[in-house]
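Take any residue in the sequence shown, count from 1 to its spot, add 31: that is its number in the numbering used here. Note that CB positions come from ideal geometry on N, CA and C, so glycine has one too. Keep in mind that this is a model prediction, so the values were computed, not measured. Worksheet: the structure to be examined is printed underneath.
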Amino acid sequence: MLDNLVDAVVAALRDAGLTACGAYPHTAVPAQAGMVCVGISHAEDAEAGFARYLGVVTDAETGEREVYGMRCGVGVSLDMYVPMSEQDASAACLAMFDRAADCVGSMAGFSLRKLRCGAPAPDQASGMMHLHAEAEGTALLIAADAPEQGGTFSKFVLRGELSI
Numbered sequence: 032m033l034d035n036l037v038d039a040v041v042a043a044l045r046d047a048g049l050t051a052c053g054a055y056p057h058t059a060v061p062a063q064a065g066m067v068c069v070g071i072s073h074a075e076d077a078e079a080g081f082a083r084y085l086g087v088v089t090d091a092e093t094g095e096r097e098v099y100g101m102r103c104g105v106g107v108s109l110d111m112y113v114p115m116s117e118q119d120a121s122a123a124c125l126a127m128f129d130r131a132a133d134c135v136g137s138m139a140g141f142s143l144r145k146l147r148c149g150a151p152a153p154d155q156a157s158g159m160m161h162l163h164a165e166a167e168g169t170a171l172l173i174a175a176d177a178p179e180q181g182g183t184f185s186k187f188v189l190r191g192e193l194s195i
């Protein structure tokens, strides 16, 4: 279910003009361009329950429907990679982090609480400058498919705050 959060962060970063991908399954980082790899570092149910009943919403197409979901405390890892061939790869990493932080901080469905980053450093494995960062916050995950009587939820999507 948290893969939807990773997908939403990757889409927001791409919309902001950054090259981004999910960190898992492992994706090779292209050495000729900068990239942000997105993953989940930790998650916890902020409300100590799963798929809580949130209320009823009315949709013009589907009519009334019950909404289930949960707020989940999440750590989103953001790994910036910049080619060492860039004139100032460290500064480029920090600039990429700044743009990524703006994106994550303004995402619907994710309420940012903390933002941390380390110092840029050469990464031996990729041969690129690397900066690791983490955005901690609360994600609102809404069930996209309500279960039939006695069924289970199978798909969740990231949504903005609901007023129910």
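One thing to note: residue 71 has its Cβ within 8 angstroms of the Cβ of residue 107.
Going by DSSP, residue 174 is part of the beta strand (DSSP E) stretching over 159-174. Annotation: residue 121 is outside any beta strand (DSSP E); the continuous alpha helix (DSSP H) that includes it extends over 120-136. Remark: C-beta atoms of residue 125 and residue 69 do not approach each other more closely than 8 angstroms. Taking the CA atoms as reference points, residue 157 sits about 22 angstroms from residue 129. For residue 66, the pairing in a beta bridge is given by DSSP as 112. Note on residue 73: under 16 other CB atoms within 10 angstroms of its CB, so exposed under the neighbour-count rule.
About 5 angstroms separates the beta carbon of residue 66 from that of residue 50, a gap short enough to meet the 8 angstroms contact definition. Look at residue 49 here: in three-state DSSP terms it is coil, with no helix or strand label. Counting other Cβ atoms within 10 Å of its Cβ, residue 168 reaches 16 or more and is therefore classed as buried.
Relative to residue 113, the option among 142, 131, 161 and 148 whose CA is nearest is 161. Rounded to the nearest angstrom, the Cβ distance from residue 159 to residue 115 is 6 angstroms, consistent with a contact under 8 angstroms.
Per DSSP, residue 33 lies in no beta strand (DSSP E) and is assigned neither H nor E.
Straight-line spacing of the CA atoms in residue 43 and residue 35 works out to 12 angstroms. DSSP places residue 150 outside both helix and strand once states are collapsed to three, so it counts as coil. Under the three-state reduction of DSSP output, residue 42 falls in the helix class. By the criterion of a C-beta distance shorter than 6 angstroms, residue 133 is surrounded by no residue of its chain, once the five residues flanking it on both sides are discounted.
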